[in-house]
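Peer 1: Numbering (the numbering used here), first residue to last: 1085 to 1603.
This structure is in structure tokens; I'll ask about it shortly.
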């Protein structure tokens, strides 16, 4: 039977209500704009067929042969193309929304601007296919072969690429926000300027990939392999880089603010110009690191730049996070916990220095609160905020002011210009905290609930630990550690001002290892 006759027969049978055509031979048939919605064409031969504009929605084409078929602008939404063979097929602007293409062959297929949203392409072979500007919202591409695929400008938010092969793929400016790429092979892929915000890249292979200018904010790259990757100017803020391999990676000018990268391997990496505000600088592998300077400004605007001569790199990148520890000489109950958390929430709303809640250690007789501090210069400001709800808050404020006066009174022959600058910023941060909380200070120190008031009136001890692990005691109330009867109260205001030795204060400030320089 001739090709045209077979095509006419198919159309006539469909018009007569026949839907099951099975392994129909339509090789090279012209079926342009035909309506075959819901038809069963499993194992059909449609090689080189013209199905442009055809309605194949919900059709069963599993195991069908569609090599070099023309399906541009065809409606294949909800169609079953499982294990179908579509090598070199033309699917430009085709609608494959919710279609089943699992284990299908699509080598060198043209899928430009095709809609594949919510489609199942798990295990499919799309090697060298063209998906430029394709819609891939929530598409399942797990275990798919996408080697050397063109995915430039595609919209693949929340798509599933788990364990997919994307080696040498082009994903320039692709939107993969919230996508799952765990254990995917993205080696030598081009992801420059791609949006990977919130993406799951755990254990992914990104060796020698180009991620320059990519958005990776809140992404999970833990255990990922980024050896030799280009991350210049990439946004890695608040990204999980725990145990990530960044050997010989280029992180020049990368935005790493508040990233978590403990255990990361930065051997031979380049970090010059990286933005490191709020990043812990310890637990890293750093041999042969290249880093002339870093940006420590909160906004990444180079208002605080740290020059790093080679001899200071090891010291700088072995700094521990500063900590303010408040020990309360009383156990914490649920009522006091709720009251304290509420007060800290209110304080943080007007004082930006208090950015994180404290870590609590509960004991039968004492309660320890550890406040993580972003920068050494905020230690005294955090101490003021932490003690504000407590009866000892007034006494601690006096101790902090006295401590600052001692440091500010040191002569220039005792402190270097860099250390004097640090003292100035220490005082400035403290004064800003006091000023921002001045109007509501009395409100924070008024507690109606007796259980909360009892805890917040207990004696306290305050210790500050800088980024070099040096600790000084800022304050200890007179009644701290002394067992009292229930009728006794703490007279915090009567505690004498006892400061650390001047030599200890000088050493504490010198170990801040903080300097400003303008490039």
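For every residue, glycine included, the Cβ atom is placed at its ideal position computed from N, Cα and C.
This structure is a prediction, so every number in the text was calculated from the model and none was measured.
#1: Among residues of its own chain, excluding the 5 on either side of residue 1548, which ones have a beta-carbon nearer than 6 angstroms to its beta-carbon?
#2: Under a three-way DSSP split, which group does residue 1514 fall into?
#3: Taking buried to mean at least 16 other C-beta atoms within 10 Å of its own C-beta, is residue 1444 buried or exposed?
#4: Could you pull out every residue in the same chain whose Cβ sits closer than 8 angstroms to the Cβ of residue 1243, ignoring the five residues on either side in sequence?
#5: Using three-state DSSP, classify residue 1344 as helix, strand or coil.
#6: According to DSSP, is residue 1446 helix, strand or coil?
#7: Answer yes if the stretch 1131-1151 comes into contact with the stretch 1165-1182, meaning at least three C-beta pairs across the two stretches below 8 angstroms, and no otherwise.
#8: Measure the Cβ-Cβ separation of residue 1585 and residue 1541 and say whether it is below 7 angstroms.
#9: How is residue 1305 classed by DSSP in three states: helix, strand or coil?
#10: For residue 1337 versus residue 1367, is the C-beta spacing smaller than 7 angstroms?
#11: Identify the residues that DSSP records as bridge partners of residue 1194: which are they?
#12: My output table needs one value for residue 1203: the three-state DSSP class, helix, strand or coil.
#13: Measure the alpha-carbon distance for residue 1174 versus residue 1137 and round it to whole angstroms.
#14: Spatial neighbours of residue 1120 within its chain, please: CB distance less than 7 angstroms, with the 5 preceding and 5 following residues excluded, ordered by chain position.
#15: Take every Cβ of the stretch 1370-1390, pair it with every Cβ of the stretch 1511-1525, and state whether three or more of those distances are shorter than 8 angstroms.
#16: Taking the continuous alpha helix (DSSP H) assigned at residue 1556, which residues delimit it?
#17: Do residue 1327 and residue 1312 have their CB atoms nearer than 7 angstroms?
#18: Helix, strand or coil: how does DSSP classify residue 1404 here?
#19: State yes or no: is the C-beta of residue 1309 within less than 7 angstroms of the C-beta of residue 1289?
#20: Could you compute how far the alpha carbon of residue 1422 sits from the alpha carbon of residue 1441?
#21: Would you mind stating whether residue 1193 and residue 1213 have Cβ atoms separated by less than 7 angstroms?
#22: Look up residue 1546 in the DSSP assignment and give the residues it is bridged to.
#23: Please state if the CB of residue 1322 and the CB of residue 1302 are separated by a distance shorter than 7 angstroms.
#24: Do the CB positions of residue 1353 and residue 1333 come within less than 7 angstroms of each other?
#25: Using the Cβ count rule (16 or more neighbours within 10 Å means buried), how would you classify residue 1497?
#26: If you run the structure through DSSP and keep just helix, strand and coil, what is residue 1368?
#27: In the structure shown, what three-state DSSP assignment does residue 1592 receive?
#28: With the cut-off set at 7 angstroms, would you say residue 1298 and residue 1270 are in Cβ contact?
#29: Please report the distance separating the alpha-carbon of residue 1470 from that of residue 1240.
#30: Which residues does DSSP pair with residue 1179 in a beta bridge?
#31: Considering only their Cβ atoms, is the gap separating residue 1205 from residue 1230 smaller than 7 angstroms?
#32: Nearest-angstrom Cα distance between residue 1483 and residue 1560?
#33: On the DSSP letters alone, give me the boundaries of the beta strand (DSSP E) that residue 1481 sits inside.
#34: Would you identify the three-state DSSP class for residue 1389, choosing helix, strand or coil?
#35: Please say whether residue 1123 and residue 1155 have beta carbons closer to each other than 7 angstroms?
#36: Let's see if you can read the secondary structure: which residues bound the beta strand (DSSP E) around residue 1456?
Peer 2: According to the structure data:
#1: So the qualifying residues of the chain are 1408, 1463, 1556, 1558.
#2: helix
#3: exposed
#4: 1220, 1221, 1222, 1223, 1224, 1225, 1260, 1263, 1264
#5: strand
#6: strand
#7: yes
#8: no
#9: Coil.
#10: no
#11: 1174, 1214
#12: coil
#13: 11 angstroms
#14: Short of 7 angstroms from the beta carbon of residue 1120, and not among the five residues preceding or following it, lie these beta carbons of its own chain, in chain order: 1098, 1138, 1139, 1140, 1143.
#15: no
#16: Unbroken run through residue 1556 is the beta strand (DSSP E), 1555-1560; no alpha helix (DSSP H).
#17: no
#18: Reduced to three states, the DSSP call for residue 1404 is coil.
#19: yes
#20: Distance between the alpha carbons of residue 1422 and residue 1441 is about 13 angstroms.
#21: Yes; because the gap between Cβ atoms is below 7 angstroms, this pair is in contact.
#22: 1410, 1559
#23: yes
#24: A distance below 7 angstroms separates the beta carbons of residue 1353 and residue 1333.
#25: exposed
#26: coil
#27: helix
#28: Cβ distance not < 7 angstroms, so residue 1298 and residue 1270 don't count as in contact.
#29: Each residue's CA atom was taken as its position, placing residue 1470 and residue 1240 some 45 angstroms apart.
#30: 1159, 1199
#31: no
#32: 10 angstroms
#33: It is not in any beta strand (DSSP E) - residue 1481 instead sits in the alpha helix (DSSP H) that spans 1477-1492.
#34: strand
#35: no
#36: 1451-1456
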